[in-house]
Amino acid sequence: AVPMSQNLVPALARFRPFSELPLRAVADASRFVTVQRMDVGDTIFAAGDVADTLFLVVSGELRLVAPSGRAVDTVRPGETLGVTGPMLPSRYTMTGICADEGALISLSAEALNTLWEQIPPAAALLEMAMAAAVVPELREATEALVAQRLAAQDRAHRRPDPRRDGLGLGHQRVGVQRRAGHVEQPRR
-12 AVPMSQNLVP
-2 ALARFRPFSE
8 LPLRAVADAS
18 RFVTVQRMDV
28 GDTIFAAGDV
38 ADTLFLVVSG
48 ELRLVAPSGR
58 AVDTVRPGET
68 LGVTGPMLPS
78 RYTMTGICAD
88 EGALISLSAE
98 ALNTLWEQIP
108 PAAALLEMAM
118 AAAVVPELRE
128 ATEALVAQRL
138 AAQDRAHRRP
148 DPRRDGLGLG
158 HQRVGVQRRA
168 GHVEQPRR
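Take -12 as the starting number for the sequence shown in this note's numbering and just add one per residue.
If you want it as C-alpha coordinates, here you go:
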(Lines of atoms letter the chains of each structure in order from A and count residues from 1; the text may use other names and numbers.)
(Lines give C-alpha, C1' and ligand atoms only; values in the text may rest on other atoms or scores of the structure.)
Protein backbone atom coordinates (compact mmCIF):
# COMPACT_ATOMS: atom_id res chain seq x y z
CA ALA A 1 0.00 0.00 0.00
CA VAL A 2 1.22 3.47 -0.86
CA PRO A 3 0.49 6.50 1.39
CA MET A 4 -2.05 8.81 -0.19
CA SER A 5 -0.71 12.24 -1.09
CA GLN A 6 -2.42 15.60 -0.57
CA ASN A 7 -3.16 15.93 -4.31
CA LEU A 8 -5.76 13.14 -3.99
CA VAL A 9 -7.86 15.09 -1.47
CA PRO A 10 -10.50 15.97 -4.11
CA ALA A 11 -10.86 12.26 -4.98
CA LEU A 12 -11.26 11.35 -1.31
CA ALA A 13 -13.83 14.13 -0.83
CA ARG A 14 -16.15 12.47 -3.38
CA PHE A 15 -16.75 9.49 -1.07
CA ARG A 16 -18.99 9.24 1.96
CA PRO A 17 -18.18 9.76 4.79
CA PHE A 18 -15.43 12.18 3.65
CA SER A 19 -17.86 14.12 1.45
CA GLU A 20 -19.64 15.23 4.64
CA LEU A 21 -16.50 16.88 6.05
CA PRO A 22 -15.05 20.36 5.63
CA LEU A 23 -12.24 20.24 3.06
CA ARG A 24 -9.63 20.99 5.77
CA ALA A 25 -10.68 17.86 7.70
CA VAL A 26 -10.53 15.80 4.49
CA ALA A 27 -7.01 17.09 3.88
CA ASP A 28 -6.01 16.21 7.47
CA ALA A 29 -7.52 12.71 7.21
CA SER A 30 -5.94 12.12 3.79
CA ARG A 31 -2.52 11.93 5.46
CA PHE A 32 -3.63 8.70 7.16
CA VAL A 33 -5.27 6.79 4.29
CA THR A 34 -3.56 4.54 1.76
CA VAL A 35 -4.08 3.85 -1.91
CA GLN A 36 -3.92 0.22 -2.94
CA ARG A 37 -3.68 -1.11 -6.46
CA MET A 38 -6.01 -4.02 -7.27
CA ASP A 39 -5.20 -6.69 -9.83
CA VAL A 40 -7.78 -9.18 -11.12
CA GLY A 41 -8.04 -12.07 -8.69
CA ASP A 42 -6.38 -10.31 -5.73
CA THR A 43 -7.97 -11.12 -2.37
CA ILE A 44 -8.36 -7.88 -0.41
CA PHE A 45 -9.85 -9.61 2.64
CA ALA A 46 -11.08 -13.11 3.46
CA ALA A 47 -14.10 -14.32 5.38
CA GLY A 48 -13.08 -14.52 9.03
CA ASP A 49 -10.44 -11.77 8.82
CA VAL A 50 -10.72 -8.81 11.19
CA ALA A 51 -12.93 -6.19 9.51
CA ASP A 52 -11.28 -3.00 10.75
CA THR A 53 -10.83 -1.07 7.49
CA LEU A 54 -12.95 1.33 5.46
CA PHE A 55 -12.54 0.74 1.71
CA LEU A 56 -13.37 3.26 -1.02
CA VAL A 57 -13.42 1.81 -4.53
CA VAL A 58 -11.78 4.39 -6.81
CA SER A 59 -11.70 2.20 -9.92
CA GLY A 60 -12.26 -1.44 -10.75
CA GLU A 61 -14.69 -3.74 -8.97
CA LEU A 62 -14.51 -5.68 -5.74
CA ARG A 63 -16.62 -8.85 -5.78
CA LEU A 64 -17.99 -10.10 -2.44
CA VAL A 65 -17.97 -13.90 -2.34
CA ALA A 66 -19.76 -16.05 0.24
CA PRO A 67 -17.93 -18.97 1.89
CA SER A 68 -19.91 -21.23 -0.47
CA GLY A 69 -18.05 -19.62 -3.39
CA ARG A 70 -21.13 -17.81 -4.70
CA ALA A 71 -20.68 -14.14 -5.69
CA VAL A 72 -23.13 -12.17 -3.53
CA ASP A 73 -22.49 -8.53 -4.45
CA THR A 74 -20.12 -6.20 -6.28
CA VAL A 75 -18.70 -2.94 -4.91
CA ARG A 76 -18.21 -0.53 -7.81
CA PRO A 77 -16.30 2.72 -8.33
CA GLY A 78 -17.61 5.46 -6.07
CA GLU A 79 -18.94 3.00 -3.50
CA THR A 80 -17.68 2.33 0.01
CA LEU A 81 -17.38 -0.81 2.09
CA GLY A 82 -16.85 -1.17 5.84
CA VAL A 83 -17.82 2.32 6.97
CA THR A 84 -17.85 1.35 10.64
CA GLY A 85 -14.82 -0.98 10.46
CA PRO A 86 -12.24 1.47 11.82
CA MET A 87 -14.51 2.36 14.77
CA LEU A 88 -16.16 -1.00 15.50
CA PRO A 89 -14.03 -3.84 14.16
CA SER A 90 -15.79 -7.15 13.58
CA ARG A 91 -15.12 -10.09 11.24
CA TYR A 92 -15.74 -10.32 7.52
CA THR A 93 -18.46 -12.79 6.60
CA MET A 94 -17.44 -12.78 2.93
CA THR A 95 -14.25 -12.61 0.89
CA GLY A 96 -13.45 -9.52 -1.20
CA ILE A 97 -11.87 -10.46 -4.53
CA CYS A 98 -10.88 -8.02 -7.29
CA ALA A 99 -13.04 -8.63 -10.33
CA ASP A 100 -11.42 -5.86 -12.35
CA GLU A 101 -8.10 -4.03 -12.19
CA GLY A 102 -8.36 -0.82 -10.19
CA ALA A 103 -7.54 1.05 -7.01
CA LEU A 104 -8.85 1.29 -3.45
CA ILE A 105 -8.44 3.98 -0.83
CA SER A 106 -8.45 2.53 2.68
CA LEU A 107 -8.51 3.77 6.25
CA SER A 108 -7.64 1.23 8.93
CA ALA A 109 -8.51 1.32 12.63
CA GLU A 110 -4.82 1.85 13.35
CA ALA A 111 -4.71 4.86 11.01
CA LEU A 112 -7.87 6.30 12.59
CA ASN A 113 -6.29 5.92 16.04
CA THR A 114 -3.18 7.76 14.80
CA LEU A 115 -5.43 10.49 13.40
CA TRP A 116 -7.00 10.80 16.88
CA GLU A 117 -3.55 11.14 18.44
CA GLN A 118 -2.32 13.74 15.97
CA ILE A 119 -5.41 15.70 14.82
CA PRO A 120 -8.33 15.03 17.22
CA PRO A 121 -10.77 17.53 15.63
CA ALA A 122 -10.45 15.87 12.19
CA ALA A 123 -10.83 12.41 13.77
CA ALA A 124 -13.95 13.50 15.66
CA LEU A 125 -15.55 14.95 12.51
CA LEU A 126 -14.70 11.83 10.52
CA GLU A 127 -16.14 9.48 13.14
CA MET A 128 -19.35 11.52 13.33
CA ALA A 129 -19.66 11.37 9.54
CA MET A 130 -18.98 7.61 9.58
CA ALA A 131 -21.71 7.08 12.18
CA ALA A 132 -24.14 9.30 10.25
CA ALA A 133 -23.48 7.34 7.06
CA VAL A 134 -24.63 4.16 8.76
CA VAL A 135 -27.87 5.53 10.25
CA PRO A 136 -30.01 5.20 7.07
CA GLU A 137 -28.75 1.64 6.54
CA LEU A 138 -29.51 0.73 10.15
CA ARG A 139 -32.98 2.28 9.86
CA GLU A 140 -33.72 0.28 6.68
CA ALA A 141 -32.35 -2.94 8.20
CA THR A 142 -34.37 -2.41 11.37
CA GLU A 143 -37.57 -1.74 9.42
CA ALA A 144 -37.01 -4.87 7.31
CA LEU A 145 -36.32 -6.97 10.41
CA VAL A 146 -39.44 -5.66 12.18
CA ALA A 147 -41.54 -6.37 9.07
CA GLN A 148 -40.15 -9.94 8.90
CA ARG A 149 -40.83 -10.56 12.58
CA LEU A 150 -44.34 -9.14 12.40
CA ALA A 151 -45.11 -11.28 9.34
CA ALA A 152 -43.76 -14.39 11.10
CA GLN A 153 -45.74 -13.54 14.23
CA ASP A 154 -48.85 -12.98 12.14
CA ARG A 155 -48.39 -16.35 10.43
CA ALA A 156 -47.85 -18.07 13.78
CA HIS A 157 -50.99 -16.53 15.32
CA ARG A 158 -53.19 -16.48 12.23
CA ARG A 159 -56.64 -17.78 12.87
CA PRO A 160 -58.03 -20.31 10.43
CA ASP A 161 -59.98 -18.75 7.59
CA PRO A 162 -63.64 -19.11 8.66
CA ARG A 163 -64.65 -19.55 5.02
CA ARG A 164 -62.65 -22.75 5.07
CA ASP A 165 -63.62 -24.03 8.52
CA GLY A 166 -66.18 -26.48 7.13
CA LEU A 167 -68.86 -25.23 9.52
CA GLY A 168 -70.54 -22.83 7.10
CA LEU A 169 -70.14 -19.89 9.47
CA GLY A 170 -68.63 -17.58 6.87
CA HIS A 171 -67.15 -14.44 8.42
CA GLN A 172 -69.24 -14.63 11.60
CA ARG A 173 -67.08 -14.75 14.72
CA VAL A 174 -68.22 -17.19 17.36
CA GLY A 175 -67.22 -16.79 21.00
CA VAL A 176 -66.28 -13.98 23.31
CA GLN A 177 -64.49 -10.85 22.14
CA ARG A 178 -62.32 -8.95 24.61
CA ARG A 179 -62.10 -5.18 24.31
CA ALA A 180 -60.85 -2.51 26.71
CA GLY A 181 -60.84 -4.79 29.72
CA HIS A 182 -64.46 -5.94 29.54
CA VAL A 183 -66.17 -8.87 27.88
CA GLU A 184 -68.80 -8.50 25.18
CA GLN A 185 -70.93 -11.17 23.64
CA PRO A 186 -70.68 -11.30 19.87
CA ARG A 187 -73.48 -9.72 17.86
CA ARG A 188 -75.82 -12.07 16.09
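Quick reminder that beta carbons are idealized off the backbone N, C-alpha and C, glycines included.
Counted as a single uninterrupted DSSP element, the stretch harbouring ARG136 is not any beta strand (DSSP E) but the alpha helix (DSSP H) occupying residues 107 to 144.
Under the DSSP assignment, ASP15 falls in the alpha helix (DSSP H) whose first and last residues are 10 to 17. Secondary structure of PHE42 (DSSP, three-state): strand. Assignment of PHE2 by DSSP, reduced to helix, strand and coil, places it in the coil class. Following the DSSP letters along the chain, one finds ASP26 in no beta strand (DSSP E), marked with neither H nor E.
Of all C-beta pairs linking the stretch 101 to 111 to the stretch 33 to 52, fewer than three are shorter than 8 Å, placing the two stretches out of contact. Annotated three-state conformation of ALA86 is strand, per DSSP.
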